[in-house]
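Since the structure comes first, as structure tokens, the remarks are kept for the end.
Chains as they are written, first to last, in the numbering used here: chain A, 1 to 459; chain B, 460 to 738.
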């Protein structure tokens, strides 16, 4: 999914708001994405693009006329002609100016996994400084610690599992403190890894009695693994054992035979394969293609006391995410985030995760360019889905106002505004329907969706 | 006679070390390649999987890595990657602060409690309950209430190292020989003077023993606490290298933790010898 738009592409319709709705076919969309990736390489260019597209729109109210014009003279001629009588550069500069950040020196916590790629890489690759911030990214020992340190204001913002800000805002496993998510870190990028001795047990129906590790109770990993098991007829609460284990300990535990497998964030999955203790059973992408995993979160208090810092931070993250979404940058990113100061993992492992060409642990090399992907838009329908699963597994008891919570925590409106300002093209709606293991989820009917599951915790 | 004993003990120590290193080396040697795999696949895999290299590093690996660390102990590659010297300095500073606070509280308090048999009986159950609590059990509570991770780490060291000192001070003060106190009393020595000139010197060896036990505990606690709060310190270093499954660096850290712990203990042992008196 592209977050870029090129106004000088004669094949594109500038008026349609929706990213995916504007192409006749998926192939055309892919093509447009590839094209946009080639043409937009810097933020200035993108700002220019936004301004230029506004001017073009004003000049050619009829989209057909604009396309015809571009087709006849070519994009570069059109741009040259346009800049002659309209000071595009000045307009762009004016447009890019925003309020000065209230607080420049910020601390952002992260967990050393590839999900945090945009947060981490923004430091060595200079995305924070580009947006006028001096950010120290601090490695943190675990999800509970990152939660407590963010609540304690030791961190201004942090890398959290996508359901965590919802859980914190609702007061699950902590005092209720309003948190917000301006950007999703990554989509996909997780996997189910089993110990090598289980290489003939590929059917989940045979998994009764096995022990699995998940990183945290309020994690997409927990919900996806439970969903996957339940779809195969296993009750995750009674038929298998699920344990909360910090990711780095997972590989050691798998080697020591304490667990049979895990659904974990990447570089941990690939690390288990790299060290020859497990194999990739399934990429999380195969459960739900495009699922969110980790989020970039901050407390409401930080957002209200330092709105400009927060906006600059979000801009840096969105910018970094856009950069990371391009396949050709992935190798460079892997090298930038591998040192001990950041993820602290072998470059080979990170490269396999980020480029999607990886050893599967069974002697084969597989390729899946979308193994992990980056898309910052905080779909509120994601939050609604997580709430249904929290309720399904008994983490939330009683009624919940899905929409209200989703809209309070996932800042789709603000991010949309910001992305538009940055020259990216966010989707028009904050809700979208998607399919998890072939079953469609309609964000408008969460209760019906919840009721449709046979296996769930009796409430 | 004693010098020959010392010499022989030294020789036995060296022999033991050599035997240990030899067995370690043999146990972690690479075995033959486990499986044949396509070169393309092998390129994506680690040495453990491709060459059957033991997951446990041998003494030579550790030695080489240790030398690397010794060559540049104070490098600083940003907030999450600092040299071992800096990490150790952070840890020692934390331990020092927490421990000194504990000394400042435990010794005066223990003195008062020890001088009153009633108080020492009344407070005993509380101390006995609080004493065996693990540092990691305090950590979430500390983080939650203090709301600052570095102060929490210091608090945990404080709370864990206070009890042996307190108990030993109480015991030392309470068991000063009755005759000495009676002599002081017949000479009409005032309470304050009696405390400082009679009880304190008499109880000092016991108090110092308590302090020596405490510094050991404080050093044990720091590693666990830093693994949790992260950021800096030798405990964080262990955690960070474990994250990377770098057992070599973990072994180096273990070695250094042992050496520093021993040095701290030796310092206190020297102080203890200074205040010990023959009876």
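Built from N, CA and C at the ideal position, the CB exists for glycine as well.
Taking Cβ positions only, does residue 108/A come closer than 7 Å to chain D?
Protein chains A and B are contained in the structure displayed, whereas chain D is not.
Hey, out of 207/A, 173/A, 339/A, 307/A, whose CA is closest to residue 390/A's CA?
173/A
Classify residue 188/A: buried if its beta carbon has 16 or more other beta carbons within 10 angstroms, exposed otherwise.
buried
Three or more C-beta pairs under 8 Å: does that hold for the region 281 to 298 of chain A against the region 140 to 160 of chain A?
yes
Going along the region 361 to 390 of chain A in order, which residues come within less than 9 Å of chain B, judged by CB to CB distance?
361, 363, 364, 365
Roughly how many angstroms lie between the CA atoms of residue 457/A and residue 243/A, to the nearest whole one?
Taking the straight line joining both Cα atoms gives about 17 Å.
Which residues does DSSP list as the beta-bridge partners of residue 535/B?
Answer is 541/B, bridged to residue 535/B.
Going along the region 537 to 549 of chain B in order, which residues come within less than 7 Å of chain A, judged by CB to CB distance?
Cβ contacts with chain A come from 537, 538, 539, 540.
Can you check DSSP and say which residues form a bridge with residue 604/B?
Answer is none; residue 604/B lacks a bridge partner.
CB of residue 204/A to nearest heavy atom of the ligand FAD: below 6 Å?
The ligand FAD is absent from the structure shown, which contains no ligand whatsoever.
So residue 462/B contacts chain A; which residues on that side make the cut at Cβ distance below 8 Å?
Neighbours of residue 462/B on chain A: none; closest Cβ ~47 Å, over 8 Å.
I need the boundaries of the alpha helix (DSSP H) containing residue 347/A, first residue and last residue.
347 to 355
Along chain B, which residues have their Cβ under 7 Å away from the Cβ of residue 359/A?
By Cβ distance, chain B contributes 500, 503, 504.
Out of 153/A, 113/A, 439/A, state which residue places its alpha-carbon closest to the alpha-carbon of residue 305/A.
Comparing Cα positions, the closest option is 153/A.
Would you check if the distance between the CB atom of residue 714/B and the CB atom of residue 359/A is smaller than 7 Å?
no
Could you work out which residues of chain B lie near residue 148/A, taking near to mean beta carbons separated by less than 9 Å?
599, 602, 603, 606, 608
DSSP three-state call for residue 292/A: helix, strand or coil?
strand
DSSP three-state label for residue 389/A, please.
helix
Which residue's Cα is closest to the Cα of residue 572/B: 507/B, 633/B, 470/B, 640/B?
633/B
Less than 8 Å between C-beta atoms, sequence neighbours within five positions excluded: which residues of the same chain meet that for residue 515/B?
486, 487, 706
How about residue 333/A and residue 121/A: are their beta carbons less than 7 Å apart?
The Cβ-Cβ distance between residue 333/A and residue 121/A falls below 7 Å.
Span of the beta strand (DSSP E) holding residue 134/A?
134 to 139
Taking all protein chains shown into account, do 16 or more other C-beta atoms lie within 10 angstroms of the C-beta of residue 139/A, making it buried, or fewer, making it exposed?
By the neighbour-count rule (16 or more Cβ atoms within 10 Å), residue 139/A is buried.
To be precise: take each residue of the region 690 to 715 of chain B, compare its Cβ to all Cβ atoms of chain A, and keep it if any distance is under 7 Å. Which residues remain?
Of all residues in the region 690 to 715 of chain B, the ones placed with a Cβ closer than 7 Å to any Cβ belonging to chain A are 690, 698, 699, 701, 702, 703, 704, in chain order.
Whole angstroms is fine: what's the gap from residue 697/B's alpha carbon to residue 712/B's?
6 Å
Compute the Euclidean distance between the alpha carbons of residue 95/A and residue 421/A, then round it to the nearest angstrom.
For residue 95/A, the predicted model reports a pLDDT of 46, less than 50, meaning its position is unreliable and no value from the coordinates is stated.
Please tell me whether residue 136/A has its Cβ less than 7 Å away from any Cβ of chain B.
yes
Which one or two residues does DSSP pair with residue 175/A in a beta bridge?
Note: residue 175/A sits in no beta bridge, so no partner.
May I ask you to report which of helix, strand or coil DSSP gives residue 107/A?
strand
Around the C-beta of residue 462/B, are 16 or more other C-beta atoms found within 10 angstroms, so that it is buried, or is it exposed?
exposed
Which of the three DSSP states, helix, strand or coil, is assigned to residue 453/A?
Coil.
Check whether the region 173 to 186 of chain A and the region 423 to 437 of chain A are in contact - that is, three or more C-beta pairs closer than 8 Å.
Because the criterion of three Cβ pairs below 8 Å is not met, the region 173 to 186 of chain A and the region 423 to 437 of chain A do not touch.
For the beta strand (DSSP E) holding residue 280/A, just list the boundary residues, first then last.
278 to 283 is the extent of the beta strand (DSSP E) around residue 280/A.
Pull up the distance between the alpha-carbon of residue 353/A and that of residue 411/A, whole angstroms please.
29 Å
So is residue 38/A in contact with chain B if we call contact Cβ pairs under 7 Å?
Summary for residue 38/A: the model assigns pLDDT 40, below 50, so the residue's position carries little reliability, and this model does not support an answer.
Just list the alpha helix (DSSP H) runs in the region 679 to 707 of chain B, keeping only unbroken ones of 4 residues or longer that don't cross its boundaries, in chain order.
693 to 702
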